[in-house]
Amino acid sequence: MSAARTDRLTPYLFLAPAGIVLAVALLYPIGYMIYASFLDWNPSQRIGEADWIGLRNYVNLLGDAAFHESFVVTLKFAVIVVGLEMLLGVGLALLLDRNIRGMSALRTIFILPMMIAPIVVGMMWRYMYHPTVGIFNRTLKDWGFDPIPWLSSSDWALTSVIIADVWQWTPFIFILSLAALQSLPQSALEASRIDGASGWQQVWHIKLPLMMPVLIVTGLLRLIDAFKVLEVILVMTNGGPGLSTEILALRISRTASEFRELGEAAAMSNVLLMLLMVLTLAMFVYTKAAEARAARLAAASAREAEA
Amino acid sequence: MSATTSQKQNPAFYALLVALVIMSAGPILLMIATSLKLNVDIMDDAGSLLFTPTLRNYETVLCNVLWYAPEHVGYCDKTFGRALGNSLVISLTSTAITLVLGCMAAYALVRFRFRGRGAISLTTLMMRMVPPAVLLVPVFGIWTFQFGLDATYSGIVLVYVAMNLPFVIWILQSFIVQVPIQLEESARIDGAGPMQVFFLIVLPIIKPGLAAASIFTFRIAWNEFLLANALSNRDTRTVPVTIVNSLTEYDIDWGVIMATGTLLAIPPIIFTFVASRQIITGMTAGAVKG
C-alpha cells in the first residue's frame, strides 16, 4: 500500500523543483505583469502604491502614434526577415543537397553566427556599417561610389538591420531544410527520376510539397524569434534614427527604463505576449493536425495493403 | 546508397560554397582581425589586410587578470576582468541547475502517467516563447521589491534557470522517449528504485541530449543582456552589459571593444567546433520531430 503511494507521488516529486522555479520566476512575473498593465506605476514606487487606472494604459497605446509606428516596424521587420531567410535558406538547401566532402565542416561554420552573442553580432555589424572605418563604405569608396549612410539615415537603417538578421539566421532555415531534404523518402525521388522528371519538376512537385510540414514549422519558429529580436538592433541603432528601427521589444525596454512608465511597458509586453501566444498556438495546432493526417494516411495505406 | 564516394561537382558549385563560407565567417574574422590591430591601423585608409598583429587590446581589457602589468596601459580599468568572472559564475551555475531540474521534470513527463500531464506539457511549450523583454518589467519589480534579489548572483541565476527550463525539459523529453523502457523495467525487477533507475540507467544514455541542452542553456545565459542589465549593479555586471555600456560612449575605442567582443565570442565558438553535431540535433529536434 505504502509502495503504491510513493509510486503515485514519484512523478510529482520529480516535477516539483522545476515546477516551483517556473512558478516563482516565470508564471508569477507574467501574472504580475498582467496586473501591472492596469496600474499607473513608476519604478520608484512599490507596486502596492501604484494607482489602479483600469484599461487606460491600453487606451493610451491605441492612441499612441509612437507605439503604432513601432508595431508596424516590428511587423515589417519580422515578415521581411522571415520571407528572405526562408527563400535563401530553402534555396541553398536545395542547391547544396549533394554528397560532398566537408559538408559537416560547412554546417559548423554556418552555425557560428547563431551561437555568438547578439550583442557581439550587433557590434560587428555596427563596425562594418561605420561611415568611415567600416568595410562597406571603404569598399564603395575604393570602387568610386558614394558612401551609403547605412545606420544614420532612416531610409537605410531598417534595411541594414534586416541584412544583419538575414546573415545571422539564414543558416537556421538552411540547416533545418537540409535535414528535412535528407530525410525525404528516397523511393518517391527514385520513382520520379524513372518517370523522367527534370530537376526543377522534382523540386516543385516532390521535394517542396514533401518538405512543407517542416518548412511551415520552421517558418513559424523563426517568426516567433523575429518578434523577440532586441539586442542586435539595440547595439546597432538603438531604435533610431527617429523611430525607424524601434521594434516592440526595444520600445518596451525604453518605456520602462527611459520614460519610467512601468504600467504602459507592461501593457505593451502584454500585447507582444498575446501576439506570440497566437503564433505558438498556431504552430501547435498545425503540428497536431499534421500528425493526425499522417496517422490517417498510414492507416489508409495499411488497409490498402491488406485488401 | 553510394554515400561514401563524393560526386564530381561543377566548379561554379565550389565557387558558391567558398562565397558562402566567406560571407558567414567573414564578419567574425573581421572582428578578430580588428581586435589585433592598433587604432592607427584601424583608422588607416589604405591597407586593411596588411598590419602587424598585436595583443595590446587584449592586455588593456584583461589588465587586472594578467600576471604582469602591461606597460602601455596607463590606467587599468578593472570592469572587464570582473565582468568576465561574473559571467562565468552566473552562466555555469544556471546551466548546472537548469540541467538537473530539467532532467528530472522531463523524465517524469515522459515516463509517468499522472493527472495534468498534458496540461503541463502544453504549458512548457507555451513558456518557450516568452521573450526577455516581456519579463523585464515584472522581474525588475518583483526582484527589487519583493525578493530583495536585485544586484545579486542568485537573482540573475534564478531568471536564467526559469527562462531556459521549458526549452531544456522539452528537448530532453525527446531524448528520454528514445530510451528503451525494457532497460528500465529490468533494472526495476533487479530491485532498483526510481532514483537509481534515473541516475544509473537513464542519465548515461541521454548524454548527447544533455550536451545539446547544456550548450543551449550556457549560451543563452552567457549572451543575455537585457535582464542582466536590469538586475545587476557595478559588482555583478556581466560581459554583455559592459560591452553595451562602452558602445554608448561617444568616442568608441574599436580595437578594445573588438577584443572584448572576441573574448565573449570565444566560448560559444569553441562549443560550436567541439559539438556541432549535438547543436544541430538540438536545433532540428524542434522542427523535424515536432
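Heads up: the protein sequence lines correspond to chains A and B, in order. Numbering of the first sequence is given in this note's numbering, commencing with residue -2 and proceeding in unit increments. Numbering of the second sequence is given in this note's numbering, commencing with residue 10 and proceeding in unit increments. The beta carbon of each residue, even a glycine, is placed where N, CA and C say it ideally should be.
Three-state class that DSSP yields for Trp263 (chain B) in the structure shown: The count along the second sequence starts at 1 and reaches residue 263 (chain B) at position 254. Of the three classes helix, strand and coil, the one that applies to Trp263 (chain B) here is helix, per DSSP.
Residue environment, Lys225 (chain A), which counts as buried when at least 16 other CB atoms sit within 10 Å: Numbered from its first residue, the first sequence carries residue 225 (chain A) at position 228. The residue in question, Lys225 (chain A), is buried, as its Cβ has 16 or more Cβ neighbours within 10 Å.
Cβ of Asn232 (chain B) within 8 angstroms of any chain A Cβ: Position 223 of the second sequence holds residue 232 (chain B). It does; some Cβ of chain A falls within 8 angstroms.
Spatial distance of Val166 (chain B) from Ser103 (chain B) (CA atoms): If you number the second sequence from 1, residue 166 (chain B) lands on position 157. If you number the second sequence from 1, residue 103 (chain B) lands on position 94. Each residue's alpha carbon lies about 5 angstroms from the other.
Distance between Ile266 (chain B) and Tyr77 (chain B) (C-alpha atoms, nearest Å): The residue you call residue 77 (chain B) lines up with position 68 of the second sequence. The residue you call residue 266 (chain B) lines up with position 257 of the second sequence. Roughly 21 angstroms between the two C-alpha positions.
Interface partners of Tyr126 (chain A) on chain B, CB under 9 angstroms: In the first sequence, residue 126 (chain A) corresponds to position 129, counting from 1. Simply none; closest approach about 11 angstroms.
Trp152 (chain B), DSSP secondary structure in three states: Taking the first residue of the second sequence as 1, we reach residue 152 (chain B) at position 143. If DSSP states are grouped into helix, strand and coil, Trp152 (chain B) belongs with the helices.
Within-8 angstroms CB hit, Glu243 (chain A) to chain B: The residue labelled residue 243 (chain A) in the question sits at position 246 within the first sequence. So, not an interface residue.
Segment limits, alpha helix (DSSP H) that includes Lys285 (chain A): By 1-based counting over the first sequence, the position of residue 285 (chain A) is 288. Leu259 to Glu303 is the span of the alpha helix (DSSP H), which, as asked, contains Lys285 (chain A).
Rounded straight-line distance, which links the Cα of Tyr126 (chain A) to that of Met40 (chain B): In the second sequence, the residue the question calls residue 40 (chain B) occupies position 31. In the first sequence, the residue the question calls residue 126 (chain A) occupies position 129. Looking at the two C-alpha atoms, the distance is approximately 13 angstroms.
Asn232 (chain B) classed as buried or exposed, judged by whether at least 16 other C-beta atoms fall within 10 angstroms: On the second sequence, residue 232 (chain B) is found 223 positions in, with the first residue counted as 1. Answer is buried; the Cβ neighbour count reaches 16.
Collapsed DSSP secondary structure at Asp48 (chain A) in the structure displayed: For the purposes of this step, residue 48 (chain A) is taken as the residue at position 51 of the first sequence. If DSSP states are grouped into helix, strand and coil, Asp48 (chain A) belongs with the strands.
Neighbour flag for Arg228 (chain B) against chain A, beta carbons, 8 angstroms: Against the second sequence, residue 228 (chain B) aligns to sequence position 219. Arg228 (chain B) has a beta carbon lying within less than 8 angstroms of a beta carbon in chain A.
Beta-carbon proximity of Ala185 (chain A) to Leu207 (chain A), cut-off 8 angstroms: Residue mapping note: residue 185 (chain A) aligns to position 188 of the first sequence, counting from 1. Residue mapping note: residue 207 (chain A) aligns to position 210 of the first sequence, counting from 1. Their beta carbons are under 8 angstroms apart, which means Ala185 (chain A) touches Leu207 (chain A) by this criterion.
Amino acids of chain A, ordered along the chain, whose beta-carbon sits closer than 8 angstroms to that of Tyr116 (chain B): As a position in the second sequence, residue 116 (chain B) is number 107, starting the count at 1. Those within 8 angstroms of Tyr116 (chain B) in chain A are Phe11.
Neighbour list for Val232 (chain A) in chain B, Cβ cutoff strictly below 9 angstroms: Walking along the first sequence from the start, residue 232 (chain A) turns up at place 235. Within chain B, the residues near Val232 (chain A) are Phe234, Ile252, Val253 and Leu256.
Within chain A, the residues that Phe123 (chain B) reaches when beta carbons sit closer than 8 angstroms: Within the second sequence, numbered from 1, the residue matching residue 123 (chain B) stands at position 114. Per Cβ cutoff of 8 angstroms: Arg5, Pro8 and Tyr9.
9 angstroms Cβ cut-off: residues of chain A touching Phe208 (chain B): Locating residue 208 (chain B) in the second sequence gives position 199, where the first residue counts as 1. Within chain A, no residue comes near Phe208 (chain B); the closest Cβ sits about 12 angstroms away, beyond 9 angstroms.
Closer than 8 angstroms at the beta carbon, the chain A residues around Ser33 (chain B): On the second sequence, position 24 is the one that residue 33 (chain B) refers to. Ordered by position in chain A, the residues that pass the 8 angstroms Cβ test against Ser33 (chain B) are Ile106, Phe107, Leu109, Pro110, Trp164 and Pro168.
Segment limits, alpha helix (DSSP H) that includes Ser101 (chain A): Looking up residue 101 (chain A) in the first sequence gives position 104. Here the alpha helix (DSSP H) through Ser101 (chain A) covers Met100 to Met112.
Spatial distance of Leu10 (chain A) from Pro203 (chain B) (CA atoms): In the first sequence, residue 10 (chain A) corresponds to position 13, counting from 1. In the second sequence, residue 203 (chain B) corresponds to position 194, counting from 1. In a straight line, the C-alpha of Leu10 (chain A) is about 11 angstroms away from that of Pro203 (chain B).
C-beta neighbour in chain E for Glu228 (chain A), strict 8 angstroms: Included in the structure are the protein chains A and B, with no chain E among them.
Contact with chain A by Gly150 (chain B), beta-carbon distance below 8 angstroms: Numbered from 1 along the second sequence, position 141 holds the residue referred to as residue 150 (chain B). Taking Cβ atoms only, chain A reaches closer than 8 angstroms to Gly150 (chain B), which makes this a yes.
8 angstroms Cβ cutoff, Ile249 (chain A) in contact with chain B: The residue you call residue 249 (chain A) lines up with position 252 of the first sequence. Answer yes: the Cβ-Cβ gap between Ile249 (chain A) and chain B drops below 8 angstroms somewhere.
First and last residue of the uninterrupted alpha helix (DSSP H) at Gly218 (chain B): On the second sequence, residue 218 (chain B) is found 209 positions in, with the first residue counted as 1. Segment Lys216 to Asn232, the alpha helix (DSSP H) holding Gly218 (chain B).
Supposed close pair Ile249 (chain A), Ala237 (chain B) - CB separation, criterion 8 angstroms: Here residue 249 (chain A) corresponds to residue number 252 of the first sequence, with the count starting at 1. Here residue 237 (chain B) corresponds to residue number 228 of the second sequence, with the count starting at 1. Ile249 (chain A) to Ala237 (chain B), Cβ: 16 angstroms. No contact.
Proximity winner among A:Trp201, A:Leu217 and A:Ala90, relative to Ala75 (chain A) (alpha-carbon distances): Here residue 75 (chain A) refers to the residue found at position 78 of the first sequence. Considering only alpha carbons, the answer is A:Leu217.
Cβ-based burial, Phe142 (chain A) [other Cβ within 10 Å; buried from 16]: As a working note, residue 142 (chain A) is residue 145 in the first sequence. Exposed, by the Cβ-count rule.
Short CB-CB distance (under 8 angstroms) between Ser183 (chain B) and chain A: Mapped onto the second sequence, residue 183 (chain B) falls at position 174. Cβ-Cβ to chain A under 8 angstroms: no for Ser183 (chain B).
Cβ contact check for the region 263 to 283 of chain A and the region 188 to 200 of chain A: 3 or more pairs under 8 angstroms: no
Partner residues on chain B for Leu23 (chain A), Cβ-Cβ distance less than 9 angstroms: For the purposes of this step, residue 23 (chain A) is identified with residue 26 of the first sequence, where counting begins at 1. Residues of chain B with a Cβ closer than 9 angstroms to the Cβ of Leu23 (chain A) are, in chain order, Met136, Val139, Leu144, Val168, Ala171, Met172, Leu174 and Pro175.
Segment contact flag, the region 23 to 43 of chain A with the region 228 to 239 of chain A, C-beta cutoff 8 angstroms, min 3 pairs: no
Helix, strand or coil at Leu36 (chain A) [DSSP, three-state]: Counting from 1 along the first sequence, the entry for residue 36 (chain A) is found at position 39. Residue state, collapsed to three classes: strand.
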